[in-house]
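J.: One structure is given below, represented as structure tokens, and several questions about it will come after.
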């Protein structure tokens, strides 16, 4: 099963909830993502089949090691791009999220290594969130 923007968006939101020490459930994801519980359940099933999540009835949704690494990479890409847009291209911080949402899905490790290098390995995005330390 191939990765899609939607699957990566779910992984990113699950990562954000996990970092906030919040319970990760179909209900919490439904609320955060603004979609139905059945839509969330269907996507969780797909992500379990892809070995990115573990899920069982009445238990919290958890990352597999592969899923956590992918989520960290997506979040790192997003936050690096936001920082790049603010620091290098002089965008206002409130105007970079939508652009980063699109660019984070690019499959080019060399591009993201270069962005990381250009930003001198900075660790915090323009909104104050930590940039996960991943190897692209």
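In this note's numbering, the protein residues as written are 4 to 139.
Cβ atoms here follow ideal geometry from the backbone N, Cα and C, with glycine treated the same way.
For residue 133, list the residues DSSP reports as bridge partners.
T.: 127
J.: Please work out which residues of its chain come closer than 6 Å, Cβ to Cβ, to residue 54, disregarding the five sequence neighbours upstream and downstream, and give them in chain order.
T.: 67, 69
J.: Determine the burial state of residue 26: buried for a count of at least 16 other Cβ atoms within 10 Å of its Cβ, exposed for fewer.
T.: So residue 26 counts as exposed.
J.: CA-CA distance, residue 12 and residue 123?
T.: 27 Å
J.: Could you work out which residue in 134, 31, 106, 64 is closest to residue 47 when comparing CA atoms only?
T.: 64
J.: Express the C-alpha separation of residue 85 and residue 99 in angstroms, rounding to a whole number.
T.: 6 Å
J.: Apply the 10 Å Cβ neighbour rule to residue 116 and answer buried if 16 or more other Cβ atoms are within range, or exposed otherwise.
T.: So residue 116 ends up on the exposed side.
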